[in-house]
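Read through the structure below, which is laid out as structure tokens, and then see the notes.
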Amino acid sequence: MIKKCLFPVAGYGTRFLPATKSMPKEMLPVVNKPLVQYGVEEAIEAGMTTCAMVTGRGKRAITDHFDISYELEHQISGSGKEAYLEGIRGVLEKGIFTQVRQREMKGLGHAILTGEPLIGNEPFGVLLSDDLCMNNGSGVLSQMVQLFKQFRCSIVAIQEVPEDETHKYGVIRGESLSNGVYRVDEMVEKPDPKDAPSNLAIIGRYILTPDIFDILRVTKPGANGEIQITDALQTQAQNGCVMAYKFKGRRFDCGSVPGFVEATNFIYENYYLPK
Ligand code: G1P
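Residues 5 to 279 in my numbering are what the sequence shown spells out, letter by letter.
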């Protein structure tokens with residue numbers, strides 16, 4: 005029902021320098037798979053088979069990753085090594101990959117607006133690959149699609165965070181309905197703990213209705229001088245409806261070195277080692 009997912013992948017990955025000097029942070033491997041591929045697999049599992057990448061300079065490795073490597077295919081075709089390509093082949097068979105370049109880094113809201121030509125006038129997913137989410141049942145986007153069927157408005161994924169960490173996130177306040185679903189009253193980008201409306205933080209999964217683009221066009225720079233999706237969603241919440249959803253699963257902050265190492269160990273132990 006929602007066919008497209010936007011991947012803002014233009015960021016610099018400063019926290020991983022020097023590793024990310026000439027290589028996109030989204031291509032850093034968590035065990036043997038690049039971070040962005042986990043996100044793409046989650047989107048495809050949710051039925052979002054068009055993966056729309058908002059890239060930037062120095063990000064060609066991402067585009068190449070989601071394409072055939074003719075030389076490699078040719079070299080290992082028919083050999084025992086072919087099995088290693090199966091994972092990515094499955095993704096390429098199911099997915100369509102489109103892209104646009106974000107020329108200036110003006111914030112997540114700006115990145116999403118840059119992706120408008122790839123989305124058009126339909127509801128869509130947004131996945132921030134830094135937030136790696138793992139669970140044994142349906143992925144987070146899949147869970148959110150089920151909710152979208154019911155509410156037909158924008159949805160953000162949330163989780164509780166320690167109160168002294170609210171300044172890293174968009175934070176919501178809302179009326180709790182049932183099963184981890186909230187109707188959002190207020191949302192603030194990166195509030196100081198003393199100003200935070202709760203400890204319910206937005207995690208990098210969104211379903212957005214396309215009216216968000218018109219709102220983003222007139223959204224002024226907010227926190228850090230950037231155009232924030234959180235501010236545009238606050239407008240949507242005031243004028244209509246935005247839901248927040250406490251998803252099932254475990255999230256790793258792969259935008260930080262400790263979170264990345266934690267994810268690596270978890271995936272190595274739970275998914276890579278033979279059971
Ligand atoms: C972005 C969003 C923020 C959200 C976070 C989740 O921030 O602006 O609202 O909580 O992703 O990871 P960033 O991490 O890009 O600074």
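Every residue, glycine too, gets a C-beta built ideally from N, C-alpha and C.
In this text the structure is predicted, and so the values were computed from the model without any measurement.
If I'm right that residue i touches residue j with Cβ under 8 Å, what's the distance once you round it to whole angstroms?
i	j	result
I216	A236	6 Å
V149	I6	6 Å
A50	S146	4 Å
L212	V175	The Cβ separation is near 18 Å, so there is no contact.
Y210	G129	7 Å
E30	L39	5 Å
F155	M247	5 Å
A227	A115	The Cβ separation is near 15 Å, so there is no contact.
D135	G208	4 Å
What residues are listed by DSSP as bridge partners for residue i?
i	result
F101	C55
P38	P33
Y210	V130 and V160
D135	D257
C9	C55 and G129
M191	I176
A267	In the DSSP output, where bridge partners are listed per residue, A267 has none listed.
K250	I162
L204	E164 and I176
V185	Y249
Work out the CA separation of residue j and residue i for me, nearest whole Å.
i	j	result
R61	K110	14 Å
S158	F11	17 Å
A200	E108	29 Å
C55	G43	10 Å
Y275	Y173	29 Å
T24	C258	13 Å
D218	G113	11 Å
R93	V35	18 Å
E169	Q163	12 Å
I80	N243	56 Å
F101	K198	42 Å
E273	H69	25 Å
E167	G99	39 Å
R255	N125	30 Å
P225	T234	11 Å
Q106	V165	31 Å
L171	E75	A small fix is needed here, since residue 171 is His in this sequence, not Leu. Distance between the alpha carbons of H171 and E75: 46 Å.
G119	S180	32 Å
P28	T67	11 Å
L151	E190	20 Å
G143	L277	21 Å
A87	P121	37 Å
T53	K63	21 Å
K8	V261	30 Å
S73	R19	30 Å
Y186	Q41	30 Å
P127	K153	11 Å
N139	S182	21 Å
Is the beta carbon of residue i less than 9 Å from the beta carbon of residue j?
i	j	result
V192	G178	no
L220	L132	no
P195	I123	no
R59	V104	The residue you asked about is not Arg; residue 59 is Thr in the sequence shown. Cβ atoms of T59 and V104: closer than 9 Å.
L89	E77	yes
T239	I231	no
I206	A267	no
K37	G82	no
K279	G184	no
E46	C137	yes
G141	G253	yes
A32	F270	A quick correction: the sequence has Leu, not Ala, at residue 32. No.
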